[in-house]
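J.:
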Amino acid sequence: MDLTEILNCLTFDKHPDLLVGIETSDDAGVYRLTPEIALIQTLDFFTPIVNDPYDFGRIAATNAFSDVYAMGGKPLTAMNIVCFPIKELDKDTLRAILQGGLEVIHKAGAVMVGGHSVEDRELKYGLSVTGIVHPDKILTNAGAKPGDLLILTKPLGTGILSTALKGGKLNEKQTCNLTELMATLNKDAAEVMTDIGVNACTDITGFGLLGHALEIAKASNVSIRIYSDKVPVISDAIEFASMGMIPEGSHLNQKFCRQYLDISPELDPITGDILADAQTSGGLLISVPEEKSKQLLNGLIERKTPAAKVIGEVFSEPKGVIQIR
Amino acid sequence: MIVDARGYGCPKPVLMAEEALSKITEGGIEILVDNEASANNLKRFAAKNNFYSDVIKEENFWCVRIVKGYVCEIPAEEYKEKKPGKDLFLVIATDTIGKEEELGRILMKAYFETMKAYKELPDAIFFLNTGVKITTVDNEILPIIKEIEEMGVEIFTCGTCLKFFNLESELKVGFRGTTNHLVEGIKEFKKTVWVG
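These protein sequence lines map, in sequence, to chains P and H.
The letter at position 121 of the first sequence is residue 121 when you use this note's numbering, and the numbering goes up by one with no holes.
The letter at position 61 of the second sequence is residue 61 when you use this note's numbering, and the numbering goes up by one with no holes.
1. Under the rule that 16 or more other beta-carbon atoms within 10 Å means buried, what is Thr25/H, buried or exposed?
2. With the cut-off set at 8 Å, would you say Ile246/P and Asn41/H are in Cβ contact?
3. Inspect the beta-carbon positions of Pro85/P and His181/H and report whether they are closer than 8 Å.
4. At which residue ranges does the region 88-120 of chain H contain complete alpha helix (DSSP H) runs of 4 or more residues, listed in the order of the chain?
5. Exposed or buried, which one is Cys9/P when buried takes at least 16 other CB atoms within 10 Å?
6. In terms of residues, what are the limits of the alpha helix (DSSP H) holding Lys304/P?
7. Distance check for Leu76/P and His251/P, CA to CA, integer angstroms please.
8. Please look up how many angstroms separate the CB atoms of Asp79/P and Ile40/P, rounded, as I've assumed it's under 8 Å.
9. So is Thr175/P in contact with chain H if we call contact Cβ pairs under 8 Å?
10. Spell out whether any CB of chain P is found under 8 Å from the CB atom of Pro122/H.
11. In angstroms, rounded to a whole number, what distance separates the CA positions of Ala217/P and Gly244/P?
12. What residues in its chain sit with their C-beta under 7 Å from that of Ile263/P, if we drop five residues either side in the sequence?
13. With respect to the alpha helix (DSSP H) encompassing Ile105/P, which residues constitute its N-terminal and C-terminal limits?
14. Within the same chain, show all residues whose beta-carbon is closer than 6 Å to that of Val321/P, passing over the 5 residues directly before and after it, in chain order.
15. Would you mind stating whether Thr280/P and Ile6/P have Cβ atoms separated by less than 8 Å?
16. So Cys201/P and Leu139/P are supposed to be a Cβ contact under 8 Å. How far apart are they, rounded?
17. When the Cα of Ala307/P is compared with those of Asp13/P, Lys14/P, Leu150/P and Leu94/P, which residue comes out closest?
18. Tell me, please, which residues DSSP counts as bridged to Leu154/H.
19. For Ala46/H, collect the residues of the same chain with a Cβ closer than 6 Å to its Cβ; drop the 5 residues on either side in sequence, then sort them by chain order.
20. Flag this pair as touching only if the region 130-144 of chain P and the region 189-201 of chain P have three or more C-beta atom pairs under 8 Å; answer yes or no.
21. Measure the Cβ-Cβ separation of Leu90/H and Ile134/H and say whether it is below 8 Å.
22. When you compare only the Cα positions, how much space is there between Gly127/P and Ala96/P?
23. Using DSSP with H/G/I as helix, E/B as strand and the rest coil, what is Ile138/P?
24. Is there a Cβ from chain P that is less than 8 Å from the Cβ of Gly159/H?
25. Using a Cβ cut-off of 7 Å, pull out every chain H residue sitting near Ile263/P, in sequence order please.
26. Checking 8 Å against the spacing of the C-beta atoms, do Val132/H and Thr94/H come in under that value?
27. Assuming Val68/P and Thr34/P form a contact by the criterion Cβ under 8 Å, report the distance between their Cβ atoms to the nearest whole angstrom.
28. Closer than 6 Å by C-beta to Glu73/H: which residues in its own chain qualify, once you throw out the five before and the five after it? Chain order, please.
29. Would Asp123/H pass as a contact of Lys86/H if the rule is Cβ separation under 8 Å?
30. What residue range is occupied by the uninterrupted alpha helix (DSSP H) comprising Asp188/P?
31. Specify whether the region 117-134 of chain P and the region 53-69 of chain P touch according to this definition: at least 3 beta carbon pairs, one from each stretch, less than 8 Å apart.
32. Determine whether the beta carbon atoms of Gly272/P and Val14/H lie at a separation below 8 Å.
33. Looking only at its chain, what residues have a beta carbon closer than 8 Å to the beta carbon of Ala276/P, apart from the 5 residues adjacent to it on each side?
34. Which two residues bound the contiguous beta strand (DSSP E) that contains Pro85/P?
35. Just to confirm before moving on: does the CB-CB distance between Asp44/P and Thr179/P stay below 8 Å?
36. Hey, how far is the Cα of Ile274/P from the Cα of Lys99/H?
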């Protein structure tokens, strides 16, 4: 991990009100303002992953909100981050992207307060999002406890499908389904989860289910067992994975994680590809005490989150290891 | 035919291979790629289409050979089953062969080198006890094991042993394994060879 190495060379200030910093690979930074209110700050932006500018705006914005939801917070404000090749693309494209972003901001119940744009050869868009959370109710990677169940709120496979899209392999319906999945906010899942009260949460993005589960296993000092046949997967993802439509990031995730994996002998390589698939705007991975799991699942189903499945369990040993069964 | 897909990211090399293969009814092509991800994707693509494939690792690129058509005499299923074979299961329970330890380590290295050179490979190797040093901190044998893995051999290292030697974060090749792998391996493979 190059970035980790670089960050390790830097010394960061400690502050009594900095409740979540960069040390635990969490989704956002959290700073206590008062005994009741802590500020959550995050930003995320990337290059287009779908062709339609409006859809790209929606997806990038949805993805940026995800970190606030994963921390158990409520987003308040958002700012645009734009890198735009003004000489090559017309203004309507940028307008469509910003329009898509704005609609998501409104859906999230937040307000747009500004932004910044620079000229760049490659188009990039995203948001900086600020939210709040009660300091005692922050959800991090570090709270998972042995006996917890793990629940996932969106199916895996957006990395594989996006690669297939890039390769011209998706039909209109598949493209549309993929777009809507990535443009679905984790708002409903987060609201259900914070109402009930859970132990830990993260959103599944670039490191895939395996990478993010590993972050929880390490930060919480627990072992995570994933039941691969229980994991929700976009219906065409297995087909496209077996056709070789797997993004490089997913292969790298698998390579990075495997020293921490304890896999069952009969796991087939395509399942591994799916579990490690780098997600864009993926769902929440929630670690919930077993006695609350039914309530959480019912809540998620009622709010129609894209998936609501128990995919694994938390054990005390072997610590920092993902067991795949 | 050689398809030079170096410089391209996923999924372009697969698309280039697909196009090249669509133009021939039978025969082989070689696709050159400069990232391991694309080499893996090409293997998936070939398996899916029941084409034979193998990967040769060169200094700074991979050459993936895909053969179309010639396998028609061998039923596809049979062919697929042969790939992740279940013939020989090798268990390495030591980091040294025989009594004299220094000599034993030289012999261990020579054993893997010879195995690689003659391509007389097992289908899976399970490292346990002091054998786990080979897949973690042994700088001499480790590169050979990595190459053997790239040649299609499944590598497992005992998790309990890693923990015992405090080498859990040092595993550099293959997967963590459990005694399940050992028990299943001995049961499923035609032959098990135990060293140490």
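Each residue gets a CB set at the ideal place from its N, CA and C atoms; glycine is no exception.
T.: In brief:
1. exposed
2. At the C-beta level, Ile246/P and Asn41/H come within 8 Å of one another.
3. no
4. 101-117
5. exposed
6. Per DSSP, Lys304/P belongs to no alpha helix (DSSP H) and is neither H nor E.
7. 36 Å
8. Checking the sequence, you will find Met at residue 79/P rather than Asp. With a Cβ gap of about 14 Å, Met79/P and Ile40/P do not count as contacting.
9. no
10. no
11. It is roughly 30 Å from the alpha-carbon of Ala217/P to the alpha-carbon of Gly244/P.
12. By the criterion of a C-beta distance shorter than 7 Å, Ile263/P is surrounded in its chain by Ile324, once the five residues flanking it on both sides are discounted.
13. Lys91 to Lys107
14. Ser223, Tyr260 and Asp262
15. Going by C-beta atoms, Thr280/P is not nearer than 8 Å to Ile6/P.
16. 4 Å
17. Leu150/P
18. Note that residue 154/H corresponds to Glu in the displayed sequence, not to Leu. DSSP output for Glu154/H lists Ala124/H as bridge partner(s).
19. Excluding the 5 residues flanking it on each side, Ala46/H has same chain C-beta neighbours closer than 6 Å at Ser53 and Ile66, in chain order.
20. yes
21. no
22. Before going further, note that residue 127/P is Leu rather than Gly in the sequence given. Those two C-alpha atoms are separated by around 15 Å.
23. coil
24. yes
25. Phe175
26. Result no, Cβ atoms of Val132/H and Thr94/H do not sit closer than 8 Å.
27. Not really, about 19 Å apart at Cβ, beyond 8 Å.
28. For Glu73/H, the pLDDT reaches just 49, beneath the cut-off of 50, and the residue's location in the model is therefore unreliable, leaving the point undetermined.
29. yes
30. Per DSSP, the continuous alpha helix (DSSP H) segment holding Asp188/P begins and ends at Lys187 to Ile196.
31. When Cβ pairs closer than 8 Å are counted between the two stretches, the region 117-134 of chain P is seen to touch the region 53-69 of chain P, the count reaching three or more.
32. no
33. Gly208, Leu209, Leu210, Gly211, Ser250, His251, Asn253, Gln254 and Cys257
34. From DSSP, Pro85/P is part of no beta strand (DSSP E); its letter is neither H nor E.
35. no
36. 46 Å
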